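Chains as they are written, first to last, in this note's numbering: chain A, 389 to 501; chain B, 1388 to 1498.
We put the beta carbon where it would ideally sit given N, CA and C, even for glycine.
Computed from a predicted structure; not experimentally measured.
Data first, discussion second: the structure below is written as structure tokens.
This is how it looks when you write it as structure tokens:
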């Protein structure tokens, strides 16, 4: 099945700087790549996603890049704020009726004021 | 607007005891429903999914079972809990096989 590798596992950045999280996947049939943010004790919340017909998507300070050839995708948070501190999970899935998205192991982002 | 509700919010149960967790979604007709498990500090593992009433597919069983008795309801259960069942159980929904939205979760502690 699909394996998704996510790095780094821990990321500490200074407020106002950028943070980048990288993921790679194995299954070339994967065509949907969501990113979730999870704060302590809370449920994961979908913050941005990208489909395989795109290479780049931006929502405010969030940028996702997809390199289908290399089977890699990444999340970039520009101008980080303390409120961005959380766990971030990437996932990859194929748009099929037996869809079982595989999640990365997660990245704990800490933004220092 | 759609709302997703999970019950209970938290449970503390003994090893060997039965368990039933529930999930209800309102405001969406015929959603796809999913159960996930998350160990403390761990990633998200999909357990079951259902695309219609009465039909449930297993992804990873972990000695658990799931049922969908109504269009808006998804139940996760077991007759005998194990210590390894401890964790955060999340129900999720989607209308297609893309975006999935998670419920608030149930925190389960097995002692």
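_Going by the DSSP bridge assignment, what does residue 1459 of chain B pair with across the sheet?_
DSSP output for residue 1459 of chain B lists no bridge partner at all.
_If you reduce the DSSP assignment to three classes, tell me which class residue 1483 of chain B lands in._
Reduced to three states, the DSSP call for residue 1483 of chain B is coil.
*If you draw a straight line from the C-alpha of residue 459 of chain A to the C-alpha of residue 1408 of chain B, how long is it?*
Using only the alpha carbons, I get a separation of about 37 angstroms.
*Please determine, among A:422, A:405, A:443, the residue with the shortest C-alpha to C-alpha distance to residue 494 of chain A.*
A check of alpha carbon separations from residue 494 of chain A across A:422, A:405, A:443 identifies A:422 as the nearest.
*Helix or strand or just coil, what does DSSP make of residue 1449 of chain B?*
In this structure, DSSP gives residue 1449 of chain B a state outside helix and strand, which the three-state scheme calls coil.
_Can you give me the C-alpha to C-alpha distance between residue 1417 of chain B and residue 1461 of chain B, rounded to a whole angstrom?_
Looking at the backbone, the Cα of residue 1417 of chain B and that of residue 1461 of chain B are separated by about 12 angstroms.
*Residue from B:1439, B:1495, B:1410 with nearest C-alpha to residue 1392 of chain B*: When only C-alpha atoms are compared, the closest one is B:1410.
*Which residues in the same chain as residue 442 of chain A place their Cβ atom closer than 7 angstroms to its Cβ, once the five residues preceding and following it in sequence are excluded?*
Counting only residues of its own chain and dropping the five nearest sequence neighbours on each side, residue 442 of chain A has a CB closer than 7 angstroms to the CB of 454.
_Given 8 angstroms, three or more beta-carbon pairs between the region 1412-1427 of chain B and the region 1478-1488 of chain B_ = With a cut-off of 8 angstroms, the region 1478-1488 of chain B and the region 1412-1427 of chain B count as touching, because enough Cβ pairs lie within range.
*Name the chain A residues that come within less than 8 angstroms of residue 1490 of chain B, Cβ to Cβ?*
The answer, in chain order, is 431.
_CB-CB length for residue 432 of chain A against residue 1451 of chain B, believed under 8 angstroms_ = Under the criterion of beta carbons closer than 8 angstroms, residue 432 of chain A and residue 1451 of chain B do not qualify as touching, at roughly 20 angstroms.
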